[in-house]
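**Q** First the structure, then my questions, so here it is.
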Amino acid sequence: MESDPTLRRVRPTRVPGLWTAAAGLALASCGLLDSPATTLTPRSDFGWTSHRIFVQILRWDTAIFLVVQVLLLVAVFRFRERDPKAVPAQVRGNALLELVWTLIPAVILIFIAFPTVAAIFRTQTAPPKDAIRVKVVGHQWWWEFQYPDLGVVTASDLHIPAGRPVSLEIASTDVIHSFWVPQLGGKRDAIPGSMTRIVLTADAPGEYYGQCAEFCGASHANMRHLAVVDTPEAFAAWVAKQREPALTPPDGSPAAAGREVYRTGTCVGCHTVRGVSAGGIGPDLTHFGSRKTIAGGILPNTPENLARWVRHAPALKPGSLMPDQKLDEPEVTALVAYLQSLR
Ligand code: CUA
């Protein structure tokens, strides 16, 4: 057989795909510098469990890759075509070879399975007695966090203390979502009519980015949340504050005017402010002002963002559950002042 002369002339400069791939790899490595959705810097026992398996398998894979590449290079040079007419040794049907290259991958998979299955069992055990229970409820498109033993209900920001086990009991009211805070480990589906669980102990205080990880409709990409890991003292203070009734703004203040906008408008149809309204469908706003994020965790909780959200919430689309209520600008300003005062 005539060898193909074009193959001999191929240089890297003539393969644009190579450069694209190299540039892609180089850019992808920048993601390690500032990437909130990374599992490579775990901050909980669960996260470390997954990370250790990842690193272990990565080491094995690297060794296998090197062995295969060396064998490949040896084969390329040692068995390259010298005489176009020569027929190489035929190994088809060689039982020993077939056995070896079937058994080697099987053994590799067994080695991967041992730590993986052990970790699956370890991360599925019942929570310890002193674990803080948090019911994590997925909604289209926001997360609700209920602390049944502490009498706290909130949304978007999940507060947990560092150094204490937490049992996240995950469910959904509508479609399947998936709860995931990459640095804290886990990722469990939120399934209507069912409960999944993540038990973890966070290492250190900090704020960790979370993202719904199951396509759940038009705003799936906007369904985020923030896991705020507090010191035990800060967590106790947060719980105490969340248990207080909603603040009533002083008469005549802008917030008091906003409270009237809230109370007499359609907000009350969905939202709860304990002592003012009992909506039930939308996020509980009793301590809205104490949250770091709004709008399903996608925006920082600032007056500007809140005003934009109140004017043009995506849920105001025709046909949505949300009544199309147009507020004039003074009403928006007053409403923002009220909601931000609910600390
Ligand atoms: Cu909820 Cu995707």
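In the working numbering, the protein residues as written are 124 to 466. Even glycine gets a Cβ: it sits at the ideal position worked out from N, Cα and C.
(1) Does the ligand CUA have even one heavy atom less than 7 Å from the beta-carbon of W264?
(2) So, for A548: in the same chain, excluding its five sequence neighbours on each side, which residues have a beta-carbon less than 6 Å away from its beta-carbon?
(3) May I ask you to list the residues that DSSP assigns as paired with R320?
(4) Would you decide whether M124 is buried or exposed? Buried here means 16 or more other CB atoms lie within 10 Å of its CB.
(5) Among D312, Q365 and D168, which has the Cα closest to the Cα of I299?
(6) I want to know whether the stretch 339-356 touches the stretch 246-256 - three or more CB-CB distances under 8 Å.
(7) Under the three-state reduction of DSSP, which class applies to Y330: helix, strand or coil?
(8) With distances taken Cα to Cα, identify the nearest neighbour of S290 among T296, A278, S279 and L307.
(9) When the Cα atoms are used, what is the spatial distance from W183 to L458?
(10) Is DSSP giving A379 helix, strand or coil here?
(11) In or out: F338 buried (at least 16 other Cβ within 10 Å) or exposed?
(12) Note down the Cα distance separating W142 from C335, rounded to an integer number of angstroms.
(13) Can you determine whether any heavy atom of the ligand CUA sits closer than 7 Å to the C-beta of E337, and answer yes or no?
(14) Considering only C-alpha positions, which residue in the set R201, Y385, L450 and R347 is nearest to S279?
(15) Can you give me the C-alpha to C-alpha distance between V260 and I227, rounded to a whole angstrom?
(16) Using the three-state DSSP reduction, which class does D168 fall into: helix, strand or coil?
(17) Per DSSP, what are the beta-bridge partners of T416 in this structure?
(18) Compute the Euclidean distance between the alpha carbons of L194 and F234, then round it to the nearest angstrom.
(19) The ligand CUA heavy atoms versus the CB of H343: any closer than 7 Å?
(20) Just verifying my parser: in three-state terms, what is the DSSP assignment at P406?
(21) Within the same chain, show all residues whose beta-carbon is closer than 7 Å to that of H394, passing over the 5 residues directly before and after it, in chain order.
(22) Spatial neighbours of L323 within its chain, please: C-beta separation below 8 Å, excluding the five flanking residues on both sides.
(23) So, at 7 Å on beta carbons, what are the nonlocal neighbours of R397 in its own chain, with the 5 sequence-adjacent residues on each side left out?
(24) Please identify the residue among D297, Y332 and V276 whose C-alpha is closest to the C-alpha of F411.
(25) Less than 7 Å separating the Cβ of G309 from some heavy atom of the ligand CUA?
(26) Return the residue from the list T248, G333 and A242 that minimises the CA-CA distance to L281.
(27) Report the CB separation of A242 from I180 in whole angstroms; it is logged as a contact under 8 Å.
(28) Go to R366, then tell me how far its alpha helix (DSSP H) extends in each direction, as first and last residue.
(29) Between the C-alpha atoms of R382 and Q365, what's the straight-line distance to the nearest angstrom?
(30) Determine the DSSP secondary structure at A341, reduced to helix, strand or coil.
(31) Excluding the 5 residues flanking V190 on each side, which residues of the same chain have their C-beta closer than 8 Å to its C-beta?
**A** This is what the structure holds:
(1) Relative to the ligand CUA, the beta carbon of W264 is positioned inside 7 Å of a heavy atom.
(2) The question about residue 548 has no answer, for the chain in this structure spans 124 to 466.
(3) For R320, which the question treats as bridged, DSSP gives the partners E292.
(4) Below a pLDDT of 50, predicted positions are generally treated as unreliable, and M124, at 46, falls in that range; no measurement from the model is reported.
(5) Minimum Cα-Cα distance from I299 among the listed residues D312, Q365 and D168 corresponds to D312.
(6) No: the two stretches stay apart, fewer than three of their Cβ pairs being nearer than 8 Å.
(7) The sequence shown places Glu at residue 330, rather than the Tyr named in the question. The answer is strand: DSSP assigns E330 an E or B state.
(8) Ranking T296, A278, S279 and L307 by Cα distance to S290 puts L307 first.
(9) Going by the C-alpha atoms only, they are around 58 Å apart.
(10) If DSSP states are grouped into helix, strand and coil, A379 belongs with the helices.
(11) Burial call: exposed.
(12) Each residue's CA atom was taken as its position, placing W142 and C335 some 34 Å apart.
(13) Yes - the ligand CUA has a heavy atom lying nearer than 7 Å to the Cβ of E337.
(14) The residue with the shortest Cα to Cα distance from S279 is R347.
(15) In a straight line, the C-alpha of V260 is about 45 Å away from that of I227.
(16) Three-state DSSP puts D168 in a helix.
(17) According to DSSP, which records beta bridges pairwise, T416 is partnered with P423.
(18) Using only the alpha carbons, I get a separation of about 22 Å.
(19) True, at least one ligand heavy atom lies under 7 Å from that Cβ.
(20) Coil, per DSSP.
(21) These residues qualify, in order along the chain: S400, G402, G405, P406 and L408.
(22) Excluding positions up to five away in sequence, the list reads S167, D168, F169, G170, P288, V289, L291, L307, G308 and G309.
(23) Same-chain partners within the cutoff: P368, A369 and T409.
(24) Selection D297, Y332 and V276 evaluated against F411 yields V276 as nearest (Cα-Cα).
(25) Taking 7 Å as the cut-off, the C-beta of G309 does not count as close to any heavy atom of the ligand CUA.
(26) Relative to the Cα of L281, the nearest Cα in the group T248, G333 and A242 belongs to G333.
(27) Between A242 and I180, the beta carbon gap of about 11 Å keeps them out of contact (Cβ cut-off 8 Å).
(28) Segment P355 to R366, the alpha helix (DSSP H) holding R366.
(29) Cα-Cα distance, rounded: 19 Å.
(30) Coil at A341, not helix or strand.
(31) Result list for V190: empty, nothing under 8 Å.
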